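For the sequence shown, position 448 (counting from the first letter as 1) is numbered 448 according to this note's numbering, and the numbering increases by one without interruption.
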Amino acid sequence: MRDVIAAGNFCWFKSMSDNSTADEAVSDNLKVSKIHEAVIRIAGNSQDGIQSIGGFLARLAGRSEQEVMTHMTIPSTISGGPSIFQVRLSSGEVLTSGDEADVLMAFYQHSYDNHVGFVKEGGIVLYDTAHVEPNEAYEKEYRHIGCPIAELTVEAIGGTAKDKGKNIFALGLVARMFDLDSSRLEGLIAERFAGKPENVTTTALSAFHAGHAYPLTTLAEIYEFEDSKARDTEQVVCTGNEALGYGILAAGVRFGAGYPITPWSDIMELLRRELPKYDGMFVQCEDEIAAVSMAIGASWGGRVAITGSSGPGISLKGEAIGWAVMAEIPLLVIDVQRGGPSTGMPTNVEQSDLNIACFGGHGDSPRVVLAPSSVEDCFYTAIEAVNIALKYNTPVIILTDQAIATRIEAFGMPKLSEVCQDISPDLTPRDDHKPYDLSAPDGITQRVVPGTFIKSGKYPVMTGLEHDEMGHPSGSPKMHAEMTARRHAKLQALGRALPIPEVYGPDEGNVLLVGWGSTQGSLREATERARKAGDSISALTIRHVNPLPGGLENIFSGFNHVYVVENNAAGLYGYGQLCALLRSRFCDPKIEGINKTDGLTWRVKDVLARVQVKLEEK
């Protein structure tokens, strides 16, 4: 079911656009209703494989040219616990995973009790009769469909493990309810279990067929998605972590080093698997300090190398990142943010590492910070980060977060022949070389890879000490002042070269919602919803966090209120991390923060409610 597209040394998997069509509905004499979109929330325990159900649905959507966005929560304990996977499928554009669910699938009583309140009025609750006793009040508000999921799964596949395979049985139920293409789902199941014993795939398919055949006699209708808008290209369906990993490959990176930590580990495992295919390698080190030091060594040797972690690991890497700033070594660092501080909430969403990314180094330690705003953006941000690191000879930190990392989205296939690049070191002989030339325009010097022949015989020194233009250690106050200014001048030059972010909606009005990272979709959908209601609201996402792009002050001047929406604390003085940065940069009192720290993504209705509170306070 997959083709491999190659561009140079890089390969990407794409969904096929075949001639298969959706299966005809199984006859239950049920009405078939056309729908534009559906939000499905699956609630159970982490051991139930509910992420697999959501993953199958999301990838089916991508292969059916639909739009999709997902959201998941998982426990951080080894023993597991309550977990959800929410998937929003649509024939049109999808900006969030949805505030409310059209369908709740509840495996246990706690799944029912904790999540039935997320169901839309008149929505459907599908539950396992062996573990859930419905609430009479909710039965009047929502349509309830009880099914002995565990029991029927055992009946279908045999054996004594009553919970084994029930996720695939439940997938069959959902496929039946929404008249999904069962043949494509069967193909996805076969792909998922490829390489395992044949009986594993056979058992899974038996569970799926049993769920698909279950008579939905208590349901008045089944649903079928409207035809999707045709795309110009094939779709890629993946998580943010996967998109970052493949973006790193496309950028030409061929060495990485890291240490496992949630939610970064998926990127590390992808690179460990894929880099050797392109004459590269990834090393799992004994700790974070060793990982960043090894990556710096590889970058100094001629390649932009990659290391990554989450909050606690970034703290450990801080000293070495400062060394790379001083020595001006191009380096790519990925920080997949999670709840903190310390071990914090490893599987929950938070955007609280902006300060450490921008300022988390001793001394004046400027570094570039980029924040991708979607799964697709993760792919292209990786390439942009590598190119910035090379041009400006500086570490670049990519700030993503748990929401984007684990979210599944569908987007157009990148034009690999245009974006894939070779960053092999240039060993062309040079007449002379001054690695830290104070006279270089904007402080941007040219780097020479070790092994390059320099005809003058004057070879540079690389050190973490303050140094002169040739890299030799220097204790001169004047030299330190000049070198410090030059290192900042590079980032100032980058800031001037950055594009001005586009405003989503009118360029002027009453309220401008400003966000970064995973808040983009929520802010855009909030803007659309508010404007339909007659409110003057626009949205802006800042991808280049440090340095900030020029021209933001001109955008802000067109609005009466600027509210920065973030997943971090308001702090001691009432401002979130990006909000505080923007206020310090522009000294504009109308820039205010809207913050939360519950570990969950922003729901659209919550954004709008908080905006209303802000406006009423004026």
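Heads up, the beta-carbon is just placed ideally off N, CA and C, and yes, glycines get one too. From a predicted model like this one, the values you see are computed outputs, not experimental measurements.
Practice item. Express the C-alpha separation of I261 and G599 in angstroms, rounding to a whole number. Key: Computed Cα separation, rounded: 18 Å.
Exercise for review: Take C358 and list the residues in its own chain whose beta-carbon comes closer than 6 Å to its own, dropping the five residues that flank it on each side.
Suggested key: Contacts found: V369 and N546.
Practice item. Go ahead and pull the three-state DSSP assignment for R603. Key: DSSP places R603 in coil when its eight states are reduced to three.
Review point. Quick one: what does DSSP say S52 is sitting in, helix, strand or coil?
Key: S52: helix per DSSP, three-state reduction.
Review point. Hey, is the segment 274-283 in contact with the segment 446-454, meaning 3+ C-beta pairs nearer than 8 Å?
Key: No, the segment 274-283 does not touch the segment 446-454.
Review point. Can the beta-carbon of L271 be found less than 8 Å from the beta-carbon of L30?
Key: Not in contact: L271 and L30 (Cβ atoms no closer than 8 Å).
Review point. Does DSSP put R486 in a helix, a strand or coil?
Key: Judged by DSSP in its simplified three-state form, R486 adopts helix.
Exercise for review: Count the other C-beta atoms from every protein chain shown that fall within 10 angstroms of the C-beta of S342, then say buried if there are 16 or more, exposed otherwise.
Suggested key: S342 comes out exposed.
Check your understanding: So what does K596 bridge to, in DSSP terms?
Key -> The bridge partners DSSP lists for K596 come to none.
Practice item. Assign W602 to one of two classes, buried (16 or more other C-beta atoms within 10 Å of its C-beta) or exposed (fewer than that). Key: By the 10 Å Cβ count, W602 comes out buried.
Check your understanding: What's the gap between the Cα of D41 and the Cα of I50?
Key -> Note that residue 41 is Arg in the sequence shown, not Asp. If I take the Cα positions, the gap works out to 10 Å.
Review point. To the nearest angstrom, how far is it from the Cα of P621 to the Cα of Q47?
Key: Outside the displayed span of the chain (1 to 618) sits residue 621, for which this structure offers no information.
**Study point:** Unbroken beta strand (DSSP E) run spanning E133, endpoints
**Key:** Boundaries for E133: no beta strand (DSSP E) harbours it, and the DSSP string shows neither H nor E there.
Review point. Where in the segment 85-124 do unbroken runs of the beta strand (DSSP E), each at least 3 residues long, occur, reported from the N-terminal end onward?
Key: Runs of the beta strand (DSSP E) inside the segment 85-124: 101-106.
Exercise for review: With distances taken Cα to Cα, identify the nearest neighbour of S310 among V325, S293, A324 and G340.
Suggested key: Here the closest residue by C-alpha is G340.
Practice item. Name the two residues that bound the continuous beta strand (DSSP E) containing H144. Key: Looking at the DSSP string, the run of the beta strand (DSSP E) that includes H144 is R143 to C147.
**Study point:** Counterpart residues of F559 in DSSP-defined beta bridges
**Key:** F559 pairs with G509.
Point to revise | Cβ shell of R254 (< 7 Å), same chain only, five flanking positions each side left out | key: These residues qualify, in order along the chain: L275, Y278, D279, G280 and R303.
Check your understanding: Residue range of the beta strand (DSSP E) that M69 falls in?
Key -> Per DSSP, M69 belongs to the beta strand (DSSP E) from E67 to T73.
Review point. Leaving out five residues before and five after T201 in sequence, what residues of the same chain have Cβ atoms less than 6 Å from its Cβ?
Key: Apart from sequence neighbours up to five positions away, the residues of its chain that approach T201 with a beta-carbon distance below 6 Å are A190 and F193, ordered along the chain.
Exercise for review: Take the Cβ of E616 as the centre, count every other Cβ of all protein chains shown within 10 Å, and call the residue buried at 16 or more, exposed below.
Suggested key: Flag for E616 reads exposed.
Check your understanding: So, are the CB atoms of W516 and L582 less than 8 Å apart?
Key -> Cβ atoms of W516 and L582: not closer than 8 Å.
Exercise for review: Indicate whether the contact test is met: 3 or more Cβ pairs, each with one atom in the segment 347-355 and one in the segment 555-574, closer than 8 Å.
Suggested key: They touch, by the three-pair rule.
Point to revise | Span of the beta strand (DSSP E), counted from its first residue to its last, around S33 | key: Under the DSSP assignment, S33 falls in the beta strand (DSSP E) whose first and last residues are K31 to I35.
Exercise for review: For the beta strand (DSSP E) containing G412, list its first residue and its last residue.
Suggested key: Unbroken beta strand (DSSP E) run through G412: I408 to G412.
Point to revise | Inter-residue Cα distance where the pair is L540 and D377 | key: Computed Cα separation, rounded: 15 Å.
Review point. Which residues in the same chain as Q402 place their Cβ atom closer than 6 Å to its Cβ, once the five residues preceding and following it in sequence are excluded?
Key: Scanning its chain for C-beta atoms nearer than 6 Å, with the 5 sequence neighbours on each side dropped, one finds around Q402 the residues P263, R338 and V349, in chain order.
**Study point:** W323 vs G464 beta-carbon contact at 8 Å
**Key:** Against a cut-off of 8 Å, the Cβ pair of G464 and W323 comes out as a contact.
Review point. Mind checking whether Q235 and A405 have CB atoms under 8 Å apart?
Key: Contact: no.
Point to revise | Residue burial classification, N393 (beta-carbon count within 10 angstroms, cutoff 16) | key: Buried.
Review point. What residue does the beta strand (DSSP E) around A305 start on, and which one ends it?
Key: Counting along the chain, the beta strand (DSSP E) containing A305 begins and ends at A305 to S309.
Review point. Does the Cβ of Y436 have 16 or more other Cβ atoms within 10 Å, making it buried, or fewer, making it exposed?
Key: Y436 should be labelled buried.
Point to revise | Among D426, P441 and T218, the one whose alpha carbon lies nearest that of T452 | key: Restricting attention to D426, P441 and T218, the CA atom closest to the CA of T452 is found in D426.
Exercise for review: Can you tell me the Cβ-Cβ gap for P549 and P499, rounded? I've got them flagged as a contact below 8 Å.
Suggested key: Beta-carbon to beta-carbon, P549 and P499 are separated by about 7 Å, close enough to satisfy the 8 Å threshold.
Check your understanding: Can you tell me where the alpha helix (DSSP H) with A539 in it begins and where it stops?
Key -> No alpha helix (DSSP H) holds A539; the beta strand (DSSP E) holding it covers I537 to T541.
Exercise for review: Within the same chain, show all residues whose beta-carbon is closer than 8 Å to that of C238, passing over the 5 residues directly before and after it, in chain order.
Suggested key: The residues Y246, V375, I408 and E409, in chain order, have a CB closer than 8 Å to that of C238 in the same chain once the five nearest residues on each side in sequence are set aside.
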